[in-house]
Amino acid sequence: MGMRKKRITWLILKYILLSVVSFFTLLPMIWMISTSLEPDKGLESYSLIPKEITFSNYSEAWNYPKLYDEDVTLGTMFKNSVIVSSVITLLSLLFDSMAGYALARKNFPGRTLMFWLALSTLMVPFYVVVIPMYIITMKLGLLNTLTGLIVPFVSSGFGVFLFRQAFISIPLELEEAARIDGAGDFYIYWKIMLPLIKPTIATMAIFKILWSWNMFFWPLLVIQDYSKMPINLGLTMFRGQFVTRWGLLTAGMVIATIPIIVMFLVLQKWFIRGLTAGALKG
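FYI, the numbering for the sequence shown is 15 to 296, going by my numbering.
In structure tokens:
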């Protein structure tokens with residue numbers, strides 16, 4: 015009985031500690047939501063519990079126009095972010111998985127060298143290569159276009175490494191059996207291999223969507239027109255030289271956060287499986 019009481023006491027203390035830590039972790043988001051629900055006013059008047067609730071900030075923020083371009087709103091920039099993030103994620107999943115499959119299953123000259131070259135890109139900071147990337151994008155005529163935001167990031171060394179490790183973990187006998195039945199390389203890759211690594215695909219999708227949605231520095235360099243800006247750049251229009259419209263800004267931040275939360279809730283089961291894959295292997 016004494017051991018059981020100690021166990022219950024420890025369990026209660028653990029949940030209290032986790033609740034306190036979770037509260038302070040979520041505190042900025044709670045403040046952001048609370049501020050977005052109050053009428054737009056000075057920052058010093060906001061609290062964690064809104065004294066007056068209004069949803070007008072959301073509609074105004076979504077339709078908020080730029081001063082010199084009345085046709086471009088935050089909603090336009092939201093759509094730009096959806097397009098850029100979706101295309102980057104889909105192309106990255108395709109190219110990285112194909113490269114990972116080739117490096118894991120095919121024997122060809124220079125395979126090991128190509129793998130290490132791809133892996134070495136993880137050691138190079140983005141700000142080291144940003145100037146060559148900008149010059150190449152300019153030479154290709156992709157400045158100030160959504161294509162210029164997409165093309166440099168349709169593949170990554172991290173994705174190639176992640177998919178290669180996932181394909182290596184699949185028994186070779188499955189592939190050999192498929193070849194005996196007459197299956198070709200693409201059929202094996204598309205119909206047999208990819209369905210077996212759904213956790214890895216979901217994990218990579220979450221990382222890629224999160225990274226591409228939060229991208230700020232590269233669009234700041236490449237994009238000049240408001241009509242092509244992603245939502246992260248669009249949020250800056252609520253902040254003026256002398257006045258910041260905190261109600262609209264936080265409403266825009268909530269709008270920008272919702273897709274990431276929804277995406278994680280949809281893919282969390284596969285994401286957790288991907289993170290824990292191999293953790294129980296001897």
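Every residue, glycine too, gets a C-beta built ideally from N, C-alpha and C. Remember, it's a predicted structure, so these values are computed and weren't measured experimentally.
query: Would residue 248 and residue 91 qualify as a contact pair, given that the criterion is a beta-carbon distance under 7 Å?; result: yes
query: For the pair the stretch 239-248 and the stretch 173-193, tell me if three or more CB-CB distances fall below 8 Å.; result: no
query: Can you tell me whether residue 172 sits near the ligand FMN, meaning its C-beta is under 6 Å from at least one heavy atom of the ligand?; result: As for the ligand FMN, it is missing from this structure, which has no ligand bound.
query: Let me check understanding here. Comparing Cα to Cα, which of 54, 30 and 110 lies closest to residue 218?; result: 110
query: Excluding the 5 residues flanking residue 129 on each side, which residues of the same chain have their C-beta closer than 6 Å to its C-beta?; result: 117
query: Should residue 34 be labelled buried (16 or more other beta-carbon atoms within 10 Å of its own) or exposed?; result: exposed
query: Answer with buried or exposed for residue 278, where buried requires no fewer than 16 other C-beta atoms within 10 angstroms of its C-beta.; result: exposed
query: Where does the unbroken alpha helix (DSSP H) through residue 176 begin, and where does it stop?; result: 171-182
query: In or out: residue 227 buried (at least 16 other Cβ within 10 Å) or exposed?; result: buried
query: Since residue 258 sits in a beta bridge, which residues does DSSP pair it with?; result: 253
query: State the DSSP-derived secondary structure class of residue 79, mapped to helix, strand or coil.; result: strand
query: Taking 8 Å as the cut-off, does the stretch 161-180 touch the stretch 98-106 (at least 3 CB pairs, one atom from each stretch)?; result: yes
query: Please report the straight-line C-alpha distance between residue 142 and residue 232, rounded to a whole angstrom.; result: 13 Å
query: In the DSSP assignment, find the unbroken alpha helix (DSSP H) run with residue 148 in it and report its ends.; result: 140-153
query: Between the Cα of residue 63 and the Cα atoms of 47, 28, 259 and 54, which residue gives the shortest distance?; result: 47
query: Could you name each continuous beta strand (DSSP E) segment of 3 residues or more that falls completely within the stretch 83-115, going from the start of the chain to the end?; result: 83-87
query: Near residue 257, what residues of its chain come up, given a Cβ to Cβ distance below 7 Å and the 5 sequence neighbours on each side ignored?; result: none
query: Just the Cα atoms here: how many angstroms apart are residue 271 and residue 181?; result: 33 Å
query: Got a sec? Which residues, its chain only, sit under 8 Å from residue 77 by beta carbon, not counting five neighbours each side?; result: 87, 88 and 89
query: When the distance is taken between beta carbons, is residue 264 closer than 7 Å to residue 73?; result: no
query: Can you round the beta-carbon distance between residue 229 and residue 244 to whole angstroms, since I take them to be within the 8 Å contact cut?; result: 7 Å
query: For the alpha helix (DSSP H) containing residue 128, list its first residue and its last residue.; result: 125-134
query: Helix, strand or coil: how does DSSP classify residue 17 here?; result: helix
query: Using a threshold of 7 Å, state whether the C-beta atoms of residue 163 and residue 101 are closer than that.; result: no
query: Going by DSSP in three states, residue 168 sits in which element: helix, strand or coil?; result: coil
query: Near residue 95, which residues of its chain fall below 7 Å by C-beta distance, leaving aside the five closest residues on each side in sequence?; result: 227, 244 and 245
query: Using CA atoms only, rank isn't needed, just tell me which of 172, 123 and 158 is closest to residue 137.; result: 172
query: Spatial neighbours of residue 81 within its chain, please: C-beta separation below 6 Å, excluding the five flanking residues on both sides.; result: Summary for residue 81: the model assigns pLDDT 49, below 50, so the residue's position carries little reliability; its value from the coordinates is reported in the next sentence. So the list is empty, once near-sequence residues are dropped.
query: Is the separation between the beta-carbon of residue 175 and that of residue 133 shorter than 7 Å?; result: yes
query: Using 7 Å as the threshold, is the C-beta distance between residue 307 and residue 206 below it?; result: Outside the displayed span of the chain (15 to 296) sits residue 307, for which this structure offers no information.
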